[in-house]
Structures are given as structure tokens and as C-alpha cells.
């Protein structure tokens, strides 16, 4: 499983799933990987929305509650700005501002994370609560793990909660 | 005070006090304790609401401002969801979804934290600002400490801010 | 650049820029510096607002989008409370409550950070996106750095994301 290395390790708990915080998480992750750190991103709760295969609003899950929450939360295209969201207009404007200044946009950062061998895992418990299946998520998700496993794997890592 | 041990240590600053973030904090805390880490949870600001003895809305404090804030914030039963709160309906729905899937609910997690010897401390400064007394809080609160003391005790810990 | 020391190091990513979270960030930073830690505060995204020379609302930047965002976000005097903001009334009330109890207010904490030799740096990428120049920021900002540089400088630091 985890071959011990001398590399510094960083584990990022991607909890919030706001557009701006996901940009921050992926920027820190790719920056750390590019400077030779071993990086794990653990997606849980709202963060799971960034990993959904379908980037729009889908009533995923079996129970009515799960369907409702999944629909309301949506996917990568529906991540809200943590402030000044203006009903979802702001993330689009922010993406325009990022492109204008040649800053990598969120989908580009996800790709870069994959290219840089960042380990992307999803939280088992959150998936259970929100009734999201592994097959609902993008291929970049390498594993579904429990919190205890994640914490064990992160024993010598810096843990950053975003 | 702090007998040095070989155990890895994790300190969690519980600042936000959102329902979902408190679930995350207690899940990480109990997961870490169960995998043999020494865990401290430092509750400050909005996080204090999770520790109030009275789980509903009480106009705690002496000044009018403190009374107003404490009433509006409420206790463990009033923690809002960080998103899609729908005037407090969502944390109840979320609790239902957790029970449905046999995931420990927030009050169960608080109990588990206590059973696992997680150190629960409250922030002196936040209590002063919000005029919350130690006697207003649940018995599980072991100590009221200042930020400097908390940081000193956490010198060799991973610090996670939630 | 970074003379290696034996001091423990803490790096705080100041992302959120909410009034209450900035108070928390500066309280942790000054507490850590006072207990002999080497502290860096890296301001990015909403956090940049706390560093603007002009503490009110200014339509900073060249593009219309940057002007709009900068105006809406405002400066140190416009930081919202992360909850119960009441259109900006709450940070003022909260400051009153802090003064009442002799707790350092936010501007006092910024001063203390400077006096305690805390390194204050601003995120290059966020400045680019939001079209904020170094000359728009307070003198206490020592440097404008990229994420990779910040991460390299923080290799042996605890990283806290607020």
C-alpha cells in the first residue's frame, strides 16, 4: 500500500466544496506536488460535488432526501463562491477573471492534479450519507476510504482542512 | 500537566460551529483517538455553542449584546448547516440521513469523544467576549484555557482549524 | 532568504477574510509568536481585503469585474462576520464586545503582529486575479509570493488554513 518514502507529505481534507476553496485546495495541492511533496486529497461532504461525473444538477441517490440534497448541491459547474455568490453568477465571473490573467481554471487544476500523481480519494461515510456511488464519480478518484484509513495514511503528513 | 508521550498528537480548533463542520471535527477527532492519537479539541467562538449545557436558545450573558448573540446562536440543537440550511431544517434532515445509514449522529459523536478520552477545552477569550461561563457548559469540558496555553500544549501536534 | 533556525514554525493561510476568522488568525499568530514560534501569514483571496491600505470600499483594479469585486468586498472595515452578519452591523457590535472585555480588536492585533515580527506576505496569484497591486496594500506587507514559494518556505511549518 504505502511504500515509506523520504518525501514530505501533505493531506488536504476537501470538505467545503465552495468554488473558491476548491481552487485554493487544488492550487496548494498542485503547488506542493510540483515541489516534490506527496499529496493526498480526501474529498468529503460538500467536497464530493467536485468529483461527480455529471457536472450539472442530478437527483442522485435512492432516498428522497439524498435526491433532493444532490440536486440542490449539483456538480463541479454548480460550486458556489463562499461569498458574493449572486445565485451562481460569481463563479463564472471569477473563472473569466482567472482566464484573463492566465491563471489555471478549476477543471485545468483537476487535470493537473491527476498529471502530478496527486492521490484523490473519496470519503466512505459522506458517500453513504449522500448516497453517492463510486460509479457516480470521475475516474480520477482512486479509492473510497474511511476516515480512520485516511488518518492512518496521513500519520506523517501535514493535514490541511479546507 | 502534559506528560510527554510517544503518541502522535492532533489538536483541532473548533471555530466554525456549523453542524456539518462539527460532525467533521468529531469524526476526525474520534477517528484519530481510535487509531491511538492523543487528541485535543479547542472550542472557540461559534464552536462554543456546541458545548452549551442548554441545547436550545437561551439569552446567556449579562450585557444586552451578549444576550442577543447567545440567543441568536443557540446551542447544539441550533447549529446551522454551512450551506443549504433552510432556516435550520437541513441539520435535522441530515441527522435523519445519518441515522438511516447507521452513521453516528452529533450527540453520539460527542459521547464517543468523551469515552475515547479526547481532551475537550474551551477558549477563555471567546467565553469572555460572549459572556459564557464554565457553568453554562456541559461537564465534558475539562478546562478553560487561553490561546497561548493551547498553543504551548500543541507544540508537537498537528493543528487543524475547522 | 530563510535562515534555518531551531524555532518551531507556523504558517497561516488567511483565505476567508471574514471578520471573526481574521480575529482568530491574528490571535493564533500573535499567540504563537509570543510563545517563541516563527510565524508567517499568507494572505490570499478574500484575505487580501484585510491588507488593503484603504479600509473602505474602493473600486480597485482595471477591468470592470475586478473593480466590481473589490468594491463589493471592501477593506478592513467591511469584513463580514461569517454568520449573523446583519448587513455588516455585527462586526461593529463584536468589536464593541471585544473592547468591553479588554480583548485586543482587529486593528490592534494587526499592529501586534507587526511588532512581534510576524512575516506578512500576500499571494501573487490572488492579487493578479483581483488586480490588487502591492502599492494598494498596507506597509506591513513584506512580500508578494507565489504559492510554490510559500509552500517551500513552509516545508517545516505547521500549515493552518483559515
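Protein chains in written order, with this note's numbering: chain A, 5 to 166; chain B, 5 to 166; chain C, 5 to 166.
Note that the Cβ used here is the ideal one computed from N, Cα and C, for glycine as well.
Looking at the strands, I want to know which residues DSSP matches up with residue i.
i: residue 141 of chain B; result: B:56
i: residue 135 of chain C; result: The partner list for residue 135 of chain C (beta bridge, DSSP) is empty, contrary to what the question assumes.
i: residue 15 of chain B; result: B:44 and B:163
i: residue 151 of chain A; result: The partner list for residue 151 of chain A (beta bridge, DSSP) is empty, contrary to what the question assumes.
i: residue 125 of chain A; result: A:46 and A:147
Can you tell me where the alpha helix (DSSP H) holding residue i begins and where it ends?
i: residue 34 of chain B; result: 23-38
i: residue 68 of chain C; result: 68-77
i: residue 118 of chain A; result: 110-119
i: residue 158 of chain A; result: Element bounds for residue 158 of chain A: n/a, residue is neither H nor E.
i: residue 97 of chain B; result: 93-104
Which residue marks the beginning of the beta strand (DSSP E) containing residue i, and which one marks its end?
i: residue 42 of chain C; result: 42-47
If residue i sits next to residue j, beta carbons under 8 Å apart, how far is it from one beta carbon to the other, in whole angstroms?
i: residue 117 of chain B; j: residue 33 of chain B; result: 6 Å
i: residue 15 of chain C; j: residue 48 of chain C; result: With 8 Å as the limit, residue 15 of chain C and residue 48 of chain C do not qualify as a contact, their Cβ atoms being about 12 Å apart.
i: residue 37 of chain C; j: residue 120 of chain C; result: 4 Å
i: residue 135 of chain C; j: residue 70 of chain C; result: 4 Å
i: residue 165 of chain A; j: residue 164 of chain B; result: 5 Å
i: residue 82 of chain A; j: residue 61 of chain A; result: 6 Å
i: residue 148 of chain A; j: residue 129 of chain A; result: Actually they do not touch by this definition, with Cβ atoms about 10 Å apart.
i: residue 3 of chain C; j: residue 104 of chain C; result: The structure shown does not extend to residue 3 of chain C, since chain C is modelled only from 5 to 166, so the question has no answer here.
i: residue 35 of chain B; j: residue 152 of chain A; result: 5 Å
i: residue 30 of chain B; j: residue 114 of chain B; result: 7 Å
i: residue 2 of chain A; j: residue 11 of chain A; result: Past the boundaries of the shown model lies residue 2 of chain A; chain A is included only from 5 to 166, so the question cannot be answered.
i: residue 133 of chain C; j: residue 107 of chain A; result: 6 Å
i: residue 102 of chain B; j: residue 109 of chain B; result: 5 Å
i: residue 75 of chain B; j: residue 154 of chain B; result: Not quite, the Cβ-Cβ distance comes to about 28 Å (not below 8 Å), so this is no contact.
i: residue 160 of chain C; j: residue 13 of chain C; result: 6 Å
Along chain F, which residues have their Cβ under 8 Å away from the Cβ of residue i?
i: residue 31 of chain A; result: The structure shown contains no chain F; the protein chains it does contain are A, B and C.
TODO: For the region 112-131 of chain A, enumerate the residues whose C-beta is nearer than 7 Å to any C-beta of chain B, in chain order.
DONE: Hits within the stretch, in order: 129.
Open item on the list: Give me the subset of the region 35-53 of chain A whose CB atoms are less than 9 Å from a CB atom of chain B, sorted by chain position.
Closed with: Cβ contacts with chain B come from 48, 49 and 50.
Task: the region 12-29 of chain A in contact with the region 84-95 of chain A per 3-pair CB rule at 8 Å - done: Three or more pairs of CB atoms, one per stretch, sit closer than 8 Å, so the region 12-29 of chain A contacts the region 84-95 of chain A.
Open item on the list: Residues of the region 58-74 of chain A in Cβ contact with chain B at a cutoff of 9 Å, in chain order, please.
Closed with: So the list reads 67, 69, 70, 72 and 73, given in the order they occur along the chain.
TODO: Mind the definition here: the region 87-102 of chain B touches the region 52-60 of chain A only if three or more C-beta pairs lie below 8 Å; say whether that holds.
DONE: As far as the Cβ criterion goes, the region 87-102 of chain B does not touch the region 52-60 of chain A, which means the pair count is below three.
- [ ] Check distances from the C-beta atoms of the region 8-25 of chain B to those of chain A and list, in chain order, the residues that come in under 9 Å.
- [x] The residues in question are 12, 14, 16, 24 and 25.
TODO: Identify each residue in the region 90-106 of chain C for which the Cβ-Cβ distance to at least one residue of chain A is less than 8 Å, and report them in chain order.
DONE: Taking 8 Å as the cut-off between beta carbons, none of the residues of the region 90-106 of chain C comes near chain A.
- [ ] Residues of the region 127-161 of chain B with a CB closer than 7 Å to any CB of chain C: list them in chain order, please.
- [x] Residues are counted here when their Cβ sits less than 7 Å from a Cβ of chain C; for the region 127-161 of chain B these are 129, 132, 133, 151, 152, 155, 156 and 159, given in chain order.
- [ ] Could you please tell me which residues of the region 74-88 of chain B, in chain order, have their CB closer than 9 Å to any CB of chain A?
- [x] For the region 74-88 of chain B, the residues whose beta carbon sits under 9 Å from a beta carbon of chain A are, in order, 86, 87 and 88.
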